[in-house]
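Numbering (the numbering used here), first residue to last: 1173 to 1660. Note sheet for the following structure.
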Amino acid sequence: MVCLWLSLIGFRIIPEVLAGGFPIGFDTVTYYAPFIRGVQTLGFNSLLRVLFSQTAPLIYFILFPLGLAGVPPILLTKIVSPIIFGFMGLVVFTVLKDVLKISRGEAVLLAFFMCVNFMVLRFSWDMWRNSLGLIFYLLCLRALTFFDLNRRGGFKLLLFSLLSAASSELTAVLVAATMCLGGLHKLIKIRRLTSFTVILFIIGGLCGMLIVYYLHILQVFTPTPPDYPSEFIGGAVGFASFPYNYIGAGGWYGFENYSEAVLTPIILFLFISAPILPLLFKQKFECKWVNIFLLTCLIGSVSIIIFPYAAIPVWHRWMFMLVFPLLFYASKKLSSLGKRLKYGYFTLILVFGLGYAVLPPSTPFPYYSISSITYKYIPTSMLQNSISLEDSPSVITVLNWLDTYGFSNSCLMAYEPFMGWSRLYLQGDITIIPYDLSTSMLDLGLEYYDNVYVIWWIRGTGWYDWTPPPSLIEVFSSGDIAVYIYSP
């Protein structure tokens, strides 16, 4: 097991080394690194902000003491990501061995096979909360297997369930659904209430209370107000906006019409599952707990197809998690194949994983650039963050210039890819405001501030298909990144 853990950490370190001193992962630079910076400047208040926002807090409790130790935020993210990935591999190994009953030696190889799949690497790229939640959820599946057989390990089951629910809002739903569906299955099968079903329903109920808390139906804390006027705060997005209307919602994950909302999930599913679909042909889906895992993720994935006007939020993340039960059954099938075919398939998946980990987005592994529809959900390469690695030093230079030469009583309008960078490198008095790329928001900024800055690529370059209007005047640039001042 130690060899498996070290080999997975070594594999995951490769893109971190190739990225040099810059982070990889969108959420990594947008949320986690700025939180660590906040710990080092604000101390305990940074953790209170998380608690008052009523979001799943476990990863922040883990990062808090690490931040207090004074480790540079970017360096810390480059250490934490491989460690989480290594623990994911260990937990996958235990599920293969104890839940799917695969021999120990075979389970080690198959765990490595599962984790170098590009979708598991996609989790490791920036989805720390989901990864942590899945680690504890998979431990729940293992505990459920033993508890179902001999009624031992009830405390472990409760502990892993609550830790999973505290790691991610989505895995809180996953745990609650697993406990309730598992309890109902047992109740229908034996037609009487047992201590086993009661315990499952109790755990499901506790996780349900956490879900109510995350949805802000139960408002325990008053959220910490932002550092900018409330008029700049947009509508609810993400998990807290349930049910979610995807049609005409705007933003990064909205759709213009129903056909687009149906076609996109189908294409994404085929894209993420195609490398393992041949292994699922004629495979028996025999494990009750893995089947419940699969069913819950499937419902979360297809709700947008059935009724996109009131769907389960973040359908794409449910589809990402759907890959795990499919990979478990694919691994089960792989274990039954002949040695030549088995190692041939393993080599194929390893090539796909290495291509994802080491090739840059400018020249990605061909499979990952098949369809532009998948780009917003799955980056074509791990070697990027919210922007390209090539642009990262330019962003730092531009922000350092603005921090030094920006006027007082000013604000910086930063689109989401630049928000984390701004929080990391702007140390002065310039207020950072989330920007929706609208002119009306710039006009609103002038009502509160003497100067409104925007950070973006120089015209004619960059990502996200937006060009600064003529009223934004470039005042400084470095490489392809520029800072503009609004002059209507």
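Idealized CB from N, CA, C, for every residue including glycine. Quick caveat, the model's predicted, so the values are computed rather than measured.
Cutoff 6 Å; reference residue 1408; Cβ partners in own chain excluding five residues on either side: What you label residue 1408 is simply residue 236 of the sequence shown in a count that begins at 1. Low confidence applies here, because residue 1408 scores a pLDDT of 39, under 50, leaving its location unreliable and the question unanswered by this model.
Got a sec? Which residues, its chain only, sit under 7 Å from residue 1345 by beta carbon, not counting five neighbours each side? Translated into positions along the sequence shown, residue 1345 becomes position 173. Closer than 7 Å at Cβ, skipping near neighbours: 1383.
Thinking just about the alpha-carbon of each residue, which of 1497, 1452, 1436, 1490 is nearest to the one in residue 1459? The residue you call residue 1459 lines up with position 287 of the sequence shown. It is 1497 whose Cα lies nearest to the Cα of residue 1459.
Does the beta-carbon of residue 1508 have 16 or more other beta-carbons within 10 angstroms, so that it is buried, or is it exposed? Your numbering for residue 1508 matches position 336 in the sequence shown. Burial call: exposed.
What is the DSSP secondary structure of residue 1651, reduced to helix, strand or coil? Here residue 1651 refers to the residue found at position 479 of the sequence shown. Coil.
For residue 1548 and residue 1481, what's the separation of their Cα atoms in angstroms? On the sequence shown, position 376 is the one that residue 1548 refers to. On the sequence shown, position 309 is the one that residue 1481 refers to. Using only the alpha carbons, I get a separation of about 21 Å.
Inter-residue Cα distance where the pair is residue 1212 and residue 1242: Here residue 1212 is taken as the residue at index 40 of the sequence shown, counted from 1. Here residue 1242 is taken as the residue at index 70 of the sequence shown, counted from 1. About 7 Å.
Considering only their Cβ atoms, is the gap separating residue 1532 from residue 1558 smaller than 7 Å? The count along the sequence shown starts at 1 and reaches residue 1558 at position 386. The count along the sequence shown starts at 1 and reaches residue 1532 at position 360. Contact: no.
Quick check on the DSSP output: what are the complete alpha helix (DSSP H) runs of length 4 or more inside the stretch 1455–1535, in order along the chain? 1460–1478, 1487–1507, 1511–1530
Can you grab the Cα-Cα spacing for the pair residue 1479 / residue 1389, in whole Å? Within the sequence shown, residue 1479 is the residue found at index 307, counting from 1. Within the sequence shown, residue 1389 is the residue found at index 217, counting from 1. The straight-line gap from Cα to Cα measures roughly 23 Å.
Straight-line CA distance for residue 1605 to residue 1571? Position 433 of the sequence shown, counting from 1, holds the residue named residue 1605. Position 399 of the sequence shown, counting from 1, holds the residue named residue 1571. Near 14 Å, if we compare the C-alpha coordinates of residue 1571 and residue 1605.
Any Cβ of chain C within less than 7 Å of the Cβ of residue 1215? The question asks about chain C, but that chain is absent: this structure has only one protein chain.
At the level of alpha carbons, what is the spacing between residue 1523 and residue 1285? Within the sequence shown, numbered from 1, the residue matching residue 1523 stands at position 351. Within the sequence shown, numbered from 1, the residue matching residue 1285 stands at position 113. Those two C-alpha atoms are separated by around 11 Å.
From the DSSP output, in three-state form, read off residue 1603 for me. In the sequence shown, residue 1603 corresponds to position 431, counting from 1. If DSSP states are grouped into helix, strand and coil, residue 1603 belongs with the strands.
Can you give the beta carbon distance from residue 1305 to residue 1340, rounded, assuming they're within the 8 Å contact cut? Sequence index remark: in the sequence shown, residue 1305 carries index 133 (1-based). Sequence index remark: in the sequence shown, residue 1340 carries index 168 (1-based). Their Cβ separation, rounded to whole angstroms, is 3 Å, which keeps residue 1305 and residue 1340 in contact under 8 Å.
Assuming residue 1203 is part of the alpha helix (DSSP H), what are its boundary residues? By one-based count along the sequence shown, residue 1203 stands at place 31. From DSSP, residue 1203 is part of no alpha helix (DSSP H); its letter is neither H nor E.
Of the residues 1427, 1517, 1394, 1194, the one placed nearest residue 1289, counting alpha carbons only: Within the sequence shown, numbered from 1, the residue matching residue 1289 stands at position 117. Comparing Cα-Cα distances from residue 1289 to each of 1427, 1517, 1394, 1194, the minimum goes to 1517.
C-alpha gap between residue 1220 and residue 1396, whole angstroms: Numbered from its first residue, the sequence shown carries residue 1220 at position 48. Numbered from its first residue, the sequence shown carries residue 1396 at position 224. Each residue's alpha carbon lies about 8 Å from the other.
I need the boundaries of the beta strand (DSSP E) containing residue 1344, first residue and last residue. Against the sequence shown, residue 1344 aligns to sequence position 172. Looking at the DSSP string, residue 1344 is not in any beta strand (DSSP E); the run it does join, the alpha helix (DSSP H), is 1341–1362.
Let me know the secondary structure DSSP gives residue 1306 once reduced to three states. Stepping through the sequence shown from its first residue, residue 1306 is reached at position 134. Helix at residue 1306.
Under three-state DSSP, which class holds residue 1657? Within the sequence shown, residue 1657 is the residue found at index 485, counting from 1. Reduced to three states, the DSSP call for residue 1657 is strand.
Thinking just about the alpha-carbon of each residue, which of 1546, 1551, 1525 is nearest to the one in residue 1534? Here residue 1534 corresponds to residue number 362 of the sequence shown, with the count starting at 1. The shortest Cα separation from residue 1534 among 1546, 1551, 1525 belongs to 1551.
Give me, in chain order, the residues of the same chain whose beta-carbon lies closer than 8 Å to that of residue 1414; leave out the 5 immediate sequence neighbours on both sides. Here residue 1414 corresponds to residue number 242 of the sequence shown, with the count starting at 1. Closer than 8 Å at the Cβ level, and outside the excluded window around residue 1414, lie 1387, 1484, 1485.
For residue 1274, three-class secondary structure by DSSP: Taking the first residue of the sequence shown as 1, we reach residue 1274 at position 102. Residue 1274 falls in the coil class under three-state DSSP.
Counting only the same chain and skipping the five closest in sequence on each side, list residues whose C-beta sits under 8 Å from that of residue 1181. On the sequence shown, residue 1181 is found 9 positions in, with the first residue counted as 1. The answer, listed in chain order, is 1254, 1255, 1257, 1258.
What are the partner residues of residue 1646, as DSSP defines its beta bridges? What you label residue 1646 is simply residue 474 of the sequence shown in a count that begins at 1. DSSP output for residue 1646 lists 1656 as bridge partner(s).
Rounded Cβ spacing between residue 1354 and residue 1464 (contact assumed at less than 8 Å): Your numbering for residue 1354 matches position 182 in the sequence shown. Your numbering for residue 1464 matches position 292 in the sequence shown. Contact flag correct, Cβ pair sits at about 6 Å.
Taking a contact to mean a Cβ-Cβ separation below 7 Å, would you say residue 1602 touches residue 1578 in this structure? Position 430 of the sequence shown, counting from 1, holds the residue named residue 1602. Position 406 of the sequence shown, counting from 1, holds the residue named residue 1578. For residue 1602 and residue 1578, yes; Cβs fall inside 7 Å.
Considering residue 1191, what are the terminal residues of the alpha helix (DSSP H) in which it resides? Indexing the sequence shown from 1 puts residue 1191 at position 19. No alpha helix (DSSP H) holds residue 1191; DSSP gives it neither H nor E.
Taking residue 1338 as the reference, which of 1249, 1202, 1291, 1226 has the closest Cα? Stepping through the sequence shown from its first residue, residue 1338 is reached at position 166. With distances taken between Cα atoms, residue 1338 lies closest to 1226.
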